[in-house]
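Taking it in order: structure first as structure tokens, then the write-up.
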Amino acid sequence: MTAPTSAGTATTDAAAPPLVHVEDLVVVLGHGRSARTVLDHVDLTVARGAAHGLVGESGSGKSTLAKALVGVHRPASGQIRLGGIPLPHRGLRGRRPDGLPRVQLVPQDPWSSLDPRRTVAETIAEALDPRRARVAPARGRIRTLLEQVRLDPDAADRYPHQFSGGQRQRIAVARALAADPDLLVADEITSALDLTTQAGILDLLADLRARLGLTMLFISHDLAVVREVSDEVTVLLHGRVVEQGPTEDVFARPSADYTRRLLAADPGAPGFTLDGAG
Ligand SMILES: Nc1ncnc2c1ncn2[C@@H]1O[C@H](COP(=O)(O)OP(=O)(O)OP(=O)(O)O)[C@@H](O)[C@H]1O
Ligand SMILES: [Mg+2]
């Protein structure tokens, strides 16, 4: 993890490789006749310390890209480099290459991502030490992590269903932070929340980014949210990048027809979504 002094700003060291460098990535999902090219020659660069927004309608491949970054989906072709180091093609189950930056994904569905039979402390203990997963020696660190996501540290022995939707997302963020990530990939983590709860989570992410020097890939349908949190943005359409650049440039001077149509539909309106559902 970078030092807090570089917090909140993308590093300008031109010699350092970007934290994320996705080059000509093709991901094919399904088998045989149902095989589909879900990511079609995607390029993406995220500098250390930057916040990058990923938008696109449902099915455009956003979650697939997120999973490719954590090694769940393998490239059919192309390459993913993290801090200049190629992500192993067989995923991350084997030995981690030395110096490979850590990526943590806060997944789209908190119900499937948190085990309902485990307390918050047990969930975080497992993230801290997957082999032993013992709560007692990790109490101090669990408290700190819960405080970092602004949850009551005394609630560590409760179960996920005893928390609100927004609190569950904070638990999912705390679990991701337990692995000391360089890059946090947040996949639609505010989509199911009301506007006030959503604002609290966005504020938390900005704070974590500044304090911990985290790099963020922020995935959302919601253009207003992406505009608020991202320095740069990538627009996906049917698995292809149709627009990429500094957020303000893309919003002010969209080059792709698709992006222009999105913005023309309702530029910057709070809660406006690509599917028109919000
Ligand atoms: N395991 C799979 N096998 C075959 N196709 C898949 C598989 N997983 C996802 N897909 C397809 O890949 C496409 C992209 O899915 P993905 O989940 O990445 O989209 P998304 O942009 O995250 O959408 P949403 O906004 O709804 O979350 C979809 O058409 C989906 O049906
Ligand atoms: Mg998705």
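All residue numbers in the sequence shown are consecutive under the numbering used here, ending with 636.
Yeah, the Cβ is synthetic: ideal placement off N, Cα and C, and Gly gets one too.
The model shown is predicted, which means the values in this text are computed figures rather than measured ones.
CB contact flag (residue i, residue j, <8 Å)
i, j, result
"residue 571", "residue 551", "no"
"residue 472", "residue 529", "yes"
"residue 398", "residue 384", "yes"
"residue 461", "residue 539", "yes"
"residue 548", "residue 559", "yes"
"residue 614", "residue 584", "no"
"residue 493", "residue 532", "no"
"residue 544", "residue 563", "yes"
"residue 478", "residue 537", "no"
"residue 466", "residue 546", "yes"
"residue 443", "residue 455", "yes"
"residue 409", "residue 567", "yes"
"residue 404", "residue 595", "no"
"residue 419", "residue 597", "yes"
"residue 503", "residue 535", "yes"
"residue 591", "residue 413", "yes"
"residue 587", "residue 407", "no"
"residue 488", "residue 518", "no"
"residue 486", "residue 424", "no"
Beta-bridge partners of residue i, as assigned by DSSP
i, result
"residue 379", "403, 439"
"residue 598", "595"
"residue 604", "590"
"residue 577", "412, 545"
"residue 444", "439"
"residue 395", "386"
Closer than 7 Å: residue i CB and nearest ligand 2 heavy atom
i, result
"residue 606", "no"
"residue 420", "yes"
"residue 546", "yes"
"residue 462", "no"
"residue 527", "no"
"residue 520", "no"
Any non-hydrogen atom of ligand 1 within 7 Å of residue i CB
i, result
"residue 417", "yes"
"residue 379", "no"
"residue 394", "yes"
"residue 640", "Since the first and last residues shown for the chain are 359 and 636, residue 640 lies out of range."
"residue 388", "yes"
"residue 399", "no"
"residue 414", "yes"
"residue 447", "no"
"residue 466", "yes"
Cutoff 8 Å: residue i Cβ touching any chain C Cβ
i, result
"residue 572", "Of the chains in the structure shown, none is chain C; there is only one protein chain."
TODO: Kindly provide the ranges of any beta strand (DSSP E) runs that are 3 or more residues long and lie completely inside the stretch 410-440, ordered along the chain.
DONE: 435-440
Task: Every unbroken alpha helix (DSSP H) within the stretch 502-555, with a cutoff of 4 residues, ordered by chain - done: Runs found: 523-536.
Open item on the list: Which runs of the beta strand (DSSP E) at least 3 residues long sit entirely within the stretch 451-490? Give them in chain order.
Closed with: 461-464
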